[in-house]
Structures are given as structure tokens and as C-alpha cells.
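Going line by line, the protein sequences match chains A and B. Sequential numbering of the first sequence, starting at 2, is according to the working numbering. Sequential numbering of the second sequence, starting at 602, is according to the working numbering.
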Amino acid sequence: MKLATMFQAGLPYLVLTGGLLVVMIGVAIKRTHAVAAVLTIVTLIATTLSHIVAYSALGDGAVQIDPMFKINGVSYLFNILFLLAALVVAFLGSEFLNRQIRFKEEFYLLLLCATLGSLVLPAAVHFASLILGLEIVGISLYAMIAYPEKARPPLEAGLKYLVLSGVGSTALLFGMAMIYAGSGSMEFANSLPSDGSLEGQYFYLIGNAFFWSGIAFKLSLVPFHIWTPDVYHGAPSIVTAFLATVSKGAVFAVVFRYAIEGNVLDSGNVQFALSVIACISMVIGNLLALLQTNLKRLLAYSSIAHMGYLLIALLVVESNSALGYETVILYLVGYFLMTLAAFGVVSVLSMNQEQELDTIDSVSGLLWRQPIAGAVLIVSAISLAGIPLTIGFFAKYYLFYAGIDGGMWTLIGALVVGSAIGIYYYLRIVFTAIKRPLDDAEAMTGLPWTGLGILAFLGLCMLAFGIYPTHLIDLIQNVVQASGF
Amino acid sequence: MSVMLLILLLLGAGVVAWASERVNTTLPNWIALITFVATTLWVLVIWFNGPDTAGLYADLNCEWIPRFGIYLHLEVDALSLMLIGLTTFLGIVAVVSSWTETKTRHGFFQFNILWVMAGVVGVFSAFDLFLFFFFWEVMLIPMYFLIAIWGHEDKEHASMKFFLFTQISGLLMLVAIVALVWINFNISGVLTFDYDVLKDANLDSTTSRLLMLGFFIAFITKLPSVPVHTWLPDAHTQAPTAGSVILAGILLKTGAYGIIRFVVPMFNEASREFWIWGMSLGVVSILYGGYLAYSQTDFKRLVAYSSIAHMGFILVGVYSFSKLGTQGAIITMIAHGFSTAALFMMAGALQERLHTREMSKMGGLWVRAPRMGAVTMFFVVASVGMPGLGNFIGEFLVLIAAFKKSVVLTVFAALGIVVAAVYGLSLMQRSFQGIPNPDVPKMQDFAFREMSVMVLLMIALVWVGIYPQSLLQMTAPLLPGLLRLTS
């Protein structure tokens, strides 16, 4: 591979790293919130645009950089998705920092760092790059979660995430070591045991058991989900939005790579274990969400269920990898939009409050008190429930199609049951938001226009893709095909 | 093309009505009313222009999501046209019946009514299964809003129940649709959701049975038939008048339409084997619905349960697998739309005047409001099945057809007419006749606004009752295709 091609393909990473350094040096020279925010946003936009240049380097397939990275079109799609999400977080975050936090500038450093880590994962084809990316995301997130320095809950959440995510990473590392012991290679493509010996098989299986436990931790799949509601609840909403979208999406991107390159789903045991995890995540996530009275905790449990749904896309990779990729990317686009919107609403509403307005009751009558935020919250709840006119419906449709294509009838059954339970609590949000507001409920004023504008944009995107997803679907399909799946 | 314009007109008018709320609170009502009158006239024009050579009144087929072979395929044949006409006409009734009922957010109210109707028109004209499902779900959300925002005391529970029942059964249908498409794709190599292609899909009998069940459950939930009927009485009692009119008059018909249009032709063999179940469910609904109707003390609940009984006739008719039975079912759909819409409008009017739906607090109202009494009497006897009015024709045709299939079941179904007379007349007696209730010293009678709609509904019912041939003639050419008769 020519060096020039490698540089061209790696351009987004270089731009992002460069921007990160500029922001860091800028903060070191003089603390100015506006400058840091603008630099961050410019960096994110520039990185997104650099994918246009980089894409032409790919030619008809992938660009391999060392054994560590293999960049293809699909990696870029994931990247762009993460960058746009980071952009939303940066915009909403700047308002939040402006109004609530004393030391603002480091937040942008952490955000850019976490984004860089999440960009590493879709390109990783090696256990070393996998752990590299995961830890960059993870370590930045510890700090981001605990960012408001005076409040207790964020600190608690940050510590909880630090410890439990550390445990997850440990399991992951141990699993990798076992797989390496069996195969003698850290590359995904050569991770199968090198000889047919029974010993090698055991290493492989136990290794994978640990590996997937670690991954399940990161994706908060049942039974490794315990940390999720506490951390989602404790973290500032805007960080929760990032945690729930980008960090989850990035992990999905890399496990798809591992599943395809390493043919890990050929192992019936792994497949069975993942199916079981998927089923119980869908059912338990939704059941526990029913009991919540706090919006952020509710969304946390619902995200557990959504991660369970997404495993269907992962499992179909074994028989039809192109469909698996299409499904996961479309689903993530939808999931990102609705999750960012939902947490965004909480964040924007809480801009002027000491404590976050995150109980379900606090959005009572929201549609009438603050029409934009209320409408966006309703659209996002309807979309999360997978009802037409929103992107969530097409996302769910893709899952059904993928599940049927893979003949996974049990999982489809769990998906139907899970969605049915889900409708109940999503609808409760809708019902609360359209209630007649109490007489003493004050109208919401003084909310930032940038925040409301971004929320409205997210809402319109959900509706637009929900009515005419054709171009999005075509784009994803073309890129997936061009990447050789 | 014209049907797409119709849908867009309804959607657009919804937005305009919502926006016009700022100008004047009655303006949204007028916009909705004018839209429905205009669309009804439009449908009539299409009706009188007659079909083209293929028997279609309107046709549109363009790409929507080529990745999955999904097309924006809208077709209007005689069956669709009748139901679309019913939809727009009942739109007028819905708007007029709730003219003064809503106290808040008039614009958003009319917006929801117009959007439900747009969804329903889509359901009745979609010939692409994906599109059909899309509209099927789209019409739910505004309906949910109608119940959840403007409903009565227990609206949260009722709206939730309504939504859950339809959504869950809808999910089963979605699975069945996707599975059908995927199986057809594996057999023929063509990925398409087109109705005309899929109805000839070469399925083995087990698959066909399973997929049929997916559709069937969704449709009988909407119809509704026993045992998935429990959402209906709650939704009806809590819904505002316009919501009840739409729900009973039109939304229930989408379930019946689905069975006639999709279940029977697409899974013909499987449905024919299934006839005894379909017909028995119908008979059980007729008798059980009638029994429950009789034991209600709530005016609206009684009418709601009677709907379940009437919808039972549709199942019996369709599952008799004869031309006559299907035509009877179609006439029942139309006639029931008119008569129940009127009764729900009456229930709404009573509630607006007396602030109660309890019949024990009524009694002798005829003296207070003779016009309302007479109108109620007319629609009650229509609903009971008086010859000369539409409902009689439908139920009679159904019974004749069913008699050939199973004498026993027909005997029981016919008993339903007796039960209908019992609860119908008891409704009349308890509310309008008897000793005038001293707690109700005076009550405002129907004015011109309400009477004009009622008269229109009466004319419609008499027309169906005396000259049903006009409808039978229109649907006759469709029947061989719908029933997959080989001759």
C-alpha cells in the first residue's frame, strides 16, 4: 500500500488529532470559552468534510494501515455518524457549560478525545487497536460524566462508570489474551485457533466468553447492564446523550468487524450465547423501563432493550453480512437521532435549573408550555417505539427483515414482545407531554435558541427520514456494497 | 393520481386548520367542514365518471423505496371508492357533531381529524403491502391524540388500551408481511411488496396458514371480534364525539376491509379451510356483543357493544365464501357506518346537554326534545335491522349466504337479530321513553346544524335500504377476484 494512499485514507484521523492539539494549546495559552467552542465545532466539521477527500483513496475496497487498521467505506459511514453526533453534543454542551459550569474549556478536549477514540473503532481489525479505541473513549468519558465539579450525582456516576467499565475492560483483555493463546495472532482475521487441537478450541471458547462479557458490559446488555441507569441518571444529560449514542455505536462498529473478519459467529456456542443475551436484553430492558418514573432512567433501560434489538443485526452477519451492516447503520442513524433528541430535550429544559428536570412529571404538558421541545420529545418517543412517519419505524422494519432473513424466529418473537411492552412506556411519555398543563405550571422561557433550533432539526430529521428514507437507504446500501460485503 | 391528491389535500387542510386557530377559534371547524364537503363531492364526481376499462377509478404507481421494491401504489376500485366515500362523508358528520364540543385547541383537534381521515383513505387505497401497513399505523396516532387529549374522565387508560391492542396486533401483521415478501423473494427472485404479485405467491400450506393468522389477528382486533374486542367499549366511551364517530364509522371498517381485501384473496386456500373458525368467531361476537350491549347502562357503551355484534355479521358473511355473503358484508359495512355514526353523534349530543351518559339519569327525553327522539328512533330501528333500511339488506344477505354453508351457525347468527331488537328497543325506552326524569327539566332540541347531518344520514340509509342494487352492481365485478373463484 502506498504511503500517500494511507495518509489520504487516514486524513480524518489526522485532521481530528490536529484540531484536538490546537484546542489543547489554545486552552493552555488562554482560557476562552467561545474560542474553544468554535475551534471544536470547526474541527468536527472539518473532520466530517475530510471524509470526502479520504473516500476517493479507498478505490474499490479497503485501505490497510499496518495490521492494526483497515479502513473501508463502512468505517467512514460510522465515523460521520459519530462526528455529527459529537457536533450536536458540542452545540448543546456549549450552552450547558456556559450557564452551569465554571471551568468550561476542558470539556471540549474530552469530547474531541472521546470522538477520536470512537473513530478508531470502526477501522480496527486488531485487538490492540480495539482496546486502544475503547480506552480512549472510556477514559474521556469518566471525566466527562463527572464534569460538573460541585454536584454529587455526576461524581458518583463517574466513579461507578470508572470501576465497572474497568472491570469490563479487564474481562475484555483477558478474553483477548485467551484468544491469542489459542491462535497466536491478535488480528481479527486470524483469531480462530491455529490448529484443530482441543486445547485451542477451549482457549477460543473461554476467550470469547470473556471477550463478549466485556463487550456486553460496554453495550450494557443484560446481565451486564446494572451500571446503566445509575450512570445515565447521574451524568449531565448532554454527556449521557454522548454515552448512549457514540460510545455504544462505536462498540457495535468494532464487534461487527470482529464478527465478520474473525468469523466468530460460525461457532454455534457464541451464536447461541448472543441470541440468549439479545432475548433477555429486549425483554428485561423493556420490563424494567416500565417501572421508571425518571426520564433518564427510563431511557437507560430502553437503551438496554435497543442494544438487544441491535444484536439481531449482528447475528444476521453470519449469513448475510451486507444486510447486517445495512441494518446496523440505519438503526444507529435512527437511534442516534432519537436518543440525542430525547436527552437533548432534558438538557435544554434544564439549562436554567439547579437540578435537572428529568422526572416524567416534569415534562407534563410540555407540548403546550414549550411547543418545540414538547413536539421533539413526542416525535422521539414515537420514533423509539417504532411507529411510522418516523425513522424508528424503518429501523424496526430493518430488524424484522434481517431477523426473517436469518431465520431467527425466537428473536423476532422477543422483538415483538419487547416492542409491545415498549409502546406502553413510550406512550406514557407522549401522554404526559400532551396533558393539559397544571395551572401553576410556568411557561418555559429563556431557553437558548441554539438548543431549541438543534432539537427542532433533530425532530425534522426523524420525520424526514421516516417519510422518505430512500436516499439514506440507497447511500448505506451503496457504501456497504462498495466496501465489498 | 387523484387519490394521492385527495390524501395530500386532507393532510394540507389539517395543517392549515391548525394554523388558523390563531385567527379565530371557529375557523378550524369551517376549514375542516369545507374540506370534507369538497372531498365528498370530489368522490361523487369520480363515482359518476365511472371506472376505466380495468375497473379502476384512480391509479398511481411510483417508486418509494426501491431497495425493498416498495412502491407508492394507490389504486381505487369500486370497493375502495365506496369506503373512501364513506370516509369523507363521515368526516362531515364528525366535524359537525363536535362543532361546539371542543373547548380547547380547536385547531389541533381538526388537524387530528383530518389526518386520521387521510390515513384511512390511504389504507383503503394502498395496493402495496408496505404502504398499507404504513397507513394502517399512521391513522392510529391522530386517533390516539383525539382520545388522549379531548377524551373524558378515564382517557389515559382508554387511549393506551386502544393503542396497545392495535399496535401489538399490527406488529404481528408486519412480521407476516415481511415474511411473505421474503419467502416470495426466495421463490421468485423478485423483491416486491406489490399486492397483485404477492397474492399469487406460491406458498406451501403451512406457511400460508401461519401468515394468514398474522393478518387475521390484526384485522379482527381492529374489527373487533371476540376475544380481542375489549379495547373498543373503553375507547368509545372515553373518546370525544367526533372520535367515536370516526372510530365506529370508519376505523372498524378498515379491519373488515383488510379481511376482504387481503386475508381472503392472498391466503385463499388457508382461509377456506379456516371458514368454520371465522364464522364461529362472528357468531360468538354477534351473540356475546348483543348480550353485553343489553346489560349496559351507559348510552355510548351500549352502542359500542352493539358495534361488536354488527361486526360479527361481517365475519359471518366473509367466511361464507360466497359472492352474496361478501356483498352482504360490504353493505353491512356501509350501513353500519351510517347508523352507528348517527347513534354516537346522538350520544355525544346527550352528553353535551346532560353531562352524563348514564341512561338511568335520562328517561322521557322525547317530551323534552322530540326531534332528537324521532331521530334516535329512526337509527335504532335501522340498527335493529328494519326492512327498508340499509342494515337489513346487509344482514339479510349475510344470513342467506351463511345458510348454505352451515345451518346451525346461521340459526345462531339469526338469533342475533332478535337480541339486537331487545337491546335496541331497551336503549330507546330507557333514554327517550317512559316517565320524564324530573332532574331534566328542559333540554335543547336539535337545531339546523345537527338536523341537516342527520337528514343526510337518513337519506343515505334509506338509499342503501331501498336501492342496494346500485352498490351490489358496483362490487359484483370485483367478487371473483376477491374470492379467487376460478370460473
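Virtual Cβ for every residue (Gly too), placed ideally from N, Cα, C.
message = Output needed in chain order: residues of the stretch 421 to 439 of chain A with a Cβ under 9 Å from some Cβ in chain E.
response = The structure shown contains no chain E; the protein chains it does contain are A and B.
inquiry  = I'd like to know whether the C-beta atoms of G134(A) and A125(A) end up nearer to each other than 8 Å.
reply    = yes
query = Taking C-beta to C-beta, are K1043(B) and R969(B) nearer than 8 Å?
reply = yes
ask   = Taking the alpha-carbon positions, what's the A943(B) to A983(B) distance?
value = 11 Å
ask   = What's the gap between the Cα of W631(B) and the Cα of C280(A)?
value = Roughly 51 Å separates the two Cα atoms.
Contact with chain B by T471(A), beta-carbon distance below 8 Å = It does; some Cβ of chain B falls within 8 Å.
Paired residues, beta bridge with D362(A) - DSSP = Beta-bridge analysis with DSSP links D362(A) to no other residue.
ask   = Hey, how far is the Cα of F394(A) from the Cα of M978(B)?
value = 46 Å
Exposure of V985(B), with buried meaning 16 or more beta-carbon neighbours within 10 Å = buried
ask   = Roughly how far, in whole angstroms, is the beta-carbon of G891(B) from the beta-carbon of V1020(B), given that I think they are within contact range, below 8 Å?
value = 3 Å
ask   = Candidates E188(A), T241(A), S166(A), S186(A): which alpha carbon is nearest S214(A)'s?
value = S166(A)
query = With a Cβ-Cβ cutoff of 8 Å, do S348(A) and L93(A) count as a contact?
reply = yes
request  = Closer than 9 Å, Cβ to Cβ, to anything on chain A: give me those residues from the stretch 733 to 753 of chain B, in chain order.
outcome  = Against chain A - using a Cβ distance shorter than 9 Å - the residues of the stretch 733 to 753 of chain B are F734, F735, F736, W737, E738, V739, L741, I742, Y745, F746, A749, I750.
ask   = When the Cβ atoms of the stretch 217 to 233 of chain A are set against those of the stretch 189 to 202 of chain A, are three or more pairs found closer than 8 Å?
value = no
inquiry  = Less than 8 Å between the beta carbons of G325(A) and A403(A), yes or no?
reply    = yes
ask   = Going along the stretch 960 to 976 of chain B in order, which residues come within less than 8 Å of chain A, judged by CB to CB distance?
value = Listed by position along the chain: nothing, the set is empty.
task = Report yes if the CB atom of T688(B) is closer than 8 Å to the CB atom of V646(B), and no otherwise.
result = The Cβ atoms of T688(B) and V646(B) lie no closer than 8 Å to each other.
ask   = Secondary structure at H911(B), three-state DSSP: helix, strand or coil?
value = Three-state DSSP puts H911(B) in a helix.
Alpha carbon of T793(B) to alpha carbon of T838(B), nearest angstrom = 41 Å
message = Which residues in chain A have a C-beta closer than 8 Å to the C-beta of F764(B)? List them in chain order.
response = I424, L428
When L606(B), T855(B), L955(B), G926(B) are compared against M740(B), the one with the closest alpha-carbon = Distance from the Cα of M740(B) is smallest, within the candidate group L606(B), T855(B), L955(B), G926(B), for T855(B).
task = Report, in whole angstroms, the separation of the C-beta atoms of S940(B) and L853(B), which I expect to be a contact under 8 Å.
result = S940(B) to L853(B), Cβ: 13 Å. No contact.
message = Beta-carbon within less than 7 Å of V846(B)'s beta-carbon, same chain only, minus the 5 sequence neighbours each way: which residues are those?
response = L691, V694, A695, S698, A942, F945, M946
ask   = Comparing the C-beta of Q839(B) with each C-beta of chain A, is any distance below 8 Å?
value = no
ask   = H1099(B) by DSSP, collapsed to three states: which one?
value = With chain B covering only 602 through 1088, there is no way to say anything about residue 1099(B).
Within chain A, partners of M605(B) - CB distance below 7 Å = Listed along the chain, the chain A residues whose CB falls inside 7 Å of the CB of M605(B) amount to none; the nearest CB is some 14 Å away.
query = E357(A) by DSSP, collapsed to three states: which one?
reply = coil
message = Run through the DSSP bridge pairs and tell me what E664(B) is partnered with.
response = In the DSSP output, where bridge partners are listed per residue, E664(B) has Y672(B).
query = Leaving out five residues before and five after G345(A) in sequence, what residues of the same chain have Cβ atoms less than 8 Å from its Cβ?
reply = V89, L93, S238, I239, A242, V377, G452, I455, L456, L459
request  = Would you verify that the beta carbon of Q478(A) is, or is not, closer than 8 Å to some beta carbon of chain B?
outcome  = Cβ-Cβ to chain B under 8 Å: yes for Q478(A).
message = Could you give the first and the last residue of the continuous beta strand (DSSP E) run that contains I66(A)?
response = In the DSSP assignment, I66(A) falls within the beta strand (DSSP E) that extends over 64 to 66.
query = Who pairs with A727(B) in a beta bridge, going by DSSP?
reply = L675(B)
task = Within the stretch 808 to 850 of chain B, note down every full alpha helix (DSSP H) run reaching 4 residues or more, in order along the chain.
result = Secondary structure remark: continuous alpha helix (DSSP H) runs of at least 4 residues inside the stretch 808 to 850 of chain B, in chain order: 832 to 839, 842 to 847.
query = For the ligand ADP, any of its heavy atoms closer than 7 Å to the Cβ of L299(A)?
reply = The model on display carries no ligand, and the ligand ADP is accordingly not part of it.
I72(A), enclosing beta strand (DSSP E) - first and last residue = 70 to 72
ask   = Just to confirm, are Y796(B) and L893(B) a CB contact at a threshold of 8 Å?
value = For Y796(B) and L893(B), no; Cβs fall outside 8 Å.
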